[in-house]
Amino acid sequence: MLRALAATLLLLAGTPALAGEPVRDCPLARAPLGVDSPLSDVLMHPDGPAALEAAAPDLVPGFTRNFGGGGLPPGFANILSVGSLLEVRADGAALRPALAARLAALPIDDAFTVARCARYDHDRPALPLADRRPQVLVFEKINGFRDNPSVDAARARLSAIAEARGWQIVFTDRGGVMNGKDLARFAVVIWNNVSGDALTRPQRAAFRAYIEHGGGYVGIHGSGGDPKWFWDWYADTLLGARFIGHPGRPQFQTATVHVSGGQHGFTAGAWPLLEEWYSFDRNPVNGGAVAVATIDENDYQQIGYRGESLSMGYHPIAWRKAIGAGRMFYTAIGHRPENYDEPHAAALLAEGIAWAMGHKGTKLHD
Numbered sequence: 026m027l028r029a030l031a032a033t034l035l036l037l038a039g040t041p042a043l044a045g046e047p048v049r050d051c052p053l054a055r056a057p058l059g060v061d062s063p064l065s066d067v068l069m070h071p072d073g074p075a076a077l078e079a080a081a082p083d084l085v086p087g088f089t090r091n092f093g094g095g096g097l098p099p100g101f102a103n104i105l106s107v108g109s110l111l112e113v114r115a116d117g118a119a120l121r122p123a124l125a126a127r128l129a130a131l132p133i134d135d136a137f138t139v140a141r142c143a144r145y146d147h148d149r150p151a152l153p154l155a156d157r158r159p160q161v162l163v164f165e166k167i168n169g170f171r172d173n174p175s176v177d178a179a180r181a182r183l184s185a186i187a188e189a190r191g192w193q194i195v196f197t198d199r200g201g202v203m204n205g206k207d208l209a210r211f212a213v214v215i216w217n218n219v220s221g222d223a224l225t226r227p228q229r230a231a232f233r234a235y236i237e238h239g240g241g242y243v244g245i246h247g248s249g250g251d252p253k254w255f256w257d258w259y260a261d262t263l264l265g266a267r268f269i270g271h272p273g274r275p276q277f278q279t280a281t282v283h284v285s286g287g288q289h290g291f292t293a294g295a296w297p298l299l300e301e302w303y304s305f306d307r308n309p310v311n312g313g314a315v316a317v318a319t320i321d322e323n324d325y326q327q328i329g330y331r332g333e334s335l336s337m338g339y340h341p342i343a344w345r346k347a348i349g350a351g352r353m354f355y356t357a358i359g360h361r362p363e364n365y366d367e368p369h370a371a372a373l374l375a376e377g378i379a380w381a382m383g384h385k386g387t388k389l390h391d
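If you use our numbering, the sequence shown corresponds to residues 26 to 391, in order.
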């Protein structure tokens, strides 16, 4: 079973972005394998499935049963670590040392480097000519879990917002857009439900420099919802909090969204919304963020799929902060496609984008 899954993952990895020039500069290109490695990397290694089976024959099948599926969805193994398999097992801690040693001993050759980097790209898209309007880039490269209805509904709402506000909007799913020259024209880069590590090392550096030197970032829902992160700066500095889960009993529940007064360009109010409510490992306000919107945990059950508590107490669901000279805004609202047309949620998203654009696209200032 594991060898069949490994073969499937190799097919899902896709073909290299540049003909005759495979990607070799992905973040984990030559990194040894271990329990903190992406599950997909271990499954696609020629000896990886055998190492997992030697640790426990039921390791992967047991995880998929506990997780609630008959197999890993396409790309989902890119947002889980090998440690994710151990976390749901009573004997996980005991298995960890021996499995870590087995994985660390696996050779990392060029063929494997190319295979694990094939989900990245060097494609620099042909962008339309910029006009005099404020420039907005929507980034949609998804290497992890892709929820097509959410992505499509967000794209439609973003197009409508841009038209209403007089912005020129550009969409791309190519990581090659993350270079200094292309990014320089945009007032803000919106990550539309991006899941899975998507940028090579140079692309990461270009995007980080863009933000720290005055660019804007907006993250929508799934862009902050991966179970495991392989880019610490994105999770801990840009977002400022890591996703720990959403309710599973039931998945969608109604809570009251509170947008506080005194915000810069945000409309205060309180309104009910049926949504998949994310919980995070920390309060982003403690890391310097300003909570734009919060939800009342008394409105719904904060219980995960395995019965774990997801309560945060004070529960920001959208926040903003400065990153160097740049700005970030993140909203966890956006799993249900209907919510992109809900007037309050749509207004919150539009106002968050405008704030993140700052002086480059609006007259809003702190």
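All residues carry an ideal CB built from backbone N, CA and C; glycine is no exception.
For a test of the three-state rule: what should DSSP assign to residue i, helix, strand or coil?
i, result
"residue 259", "helix"
"residue 227", "helix"
"residue 63", "strand"
"residue 235", "helix"
"residue 121", "helix"
"residue 204", "coil"
"residue 307", "coil"
"residue 105", "coil"
"residue 274", "coil"
"residue 287", "coil"
"residue 168", "coil"
"residue 212", "coil"
"residue 138", "helix"
"residue 337", "coil"
"residue 173", "helix"
"residue 359", "coil"
"residue 345", "strand"
Rounded to whole angstroms, what's the CA-CA distance from residue i to residue j? Just pull it up for me.
i, j, result
"residue 76", "residue 46", "30 Å"
"residue 370", "residue 165", "20 Å"
"residue 375", "residue 282", "16 Å"
"residue 328", "residue 111", "21 Å"
"residue 50", "residue 302", "35 Å"
"residue 94", "residue 86", "For residue 94, the pLDDT reaches just 45, beneath the cut-off of 50, and the residue's location in the model is therefore unreliable, although a value from the coordinates is still provided. Using only the alpha carbons, I get a separation of about 10 Å."
"residue 291", "residue 373", "7 Å"
"residue 228", "residue 262", "17 Å"
"residue 277", "residue 360", "9 Å"
"residue 220", "residue 196", "16 Å"
"residue 316", "residue 343", "6 Å"
"residue 189", "residue 145", "34 Å"
"residue 183", "residue 192", "10 Å"
"residue 234", "residue 352", "12 Å"
"residue 160", "residue 243", "14 Å"
"residue 381", "residue 354", "6 Å"
"residue 363", "residue 279", "14 Å"
"residue 136", "residue 248", "30 Å"
Just to confirm before moving on: does the CB-CB distance between residue i and residue j stay below 8 Å?
i, j, result
"residue 350", "residue 241", "no"
"residue 168", "residue 223", "yes"
"residue 269", "residue 306", "yes"
"residue 150", "residue 213", "no"
"residue 60", "residue 128", "yes"
"residue 253", "residue 109", "yes"
"residue 251", "residue 104", "yes"
"residue 100", "residue 211", "no"
"residue 245", "residue 217", "yes"
"residue 124", "residue 80", "yes"
"residue 63", "residue 106", "yes"
"residue 68", "residue 255", "no"
"residue 335", "residue 304", "yes"
Among the options, which has the Cα closest to the Cα of residue i?
i, options, result
"residue 230", "200, 341, 292", "200"
"residue 178", "383, 366, 377", "366"
"residue 205", "80, 267, 279, 232", "232"
"residue 296", "271, 274, 324", "324"
"residue 15", "48, 62, 209, 117", "Residue 15 cannot be examined here, being either before or after the span of the chain that is shown, 26 to 391."
Thinking residue i and residue j are a contact (beta carbons under 8 Å), I'd like their distance in whole angstroms, please.
i, j, result
"residue 356", "residue 341", "Between residue 341 and residue 356 the Cβ distance is about 10 Å, and since that is not below 8 Å, they are no contact."
"residue 314", "residue 346", "4 Å"
"residue 133", "residue 55", "6 Å"
"residue 308", "residue 339", "6 Å"
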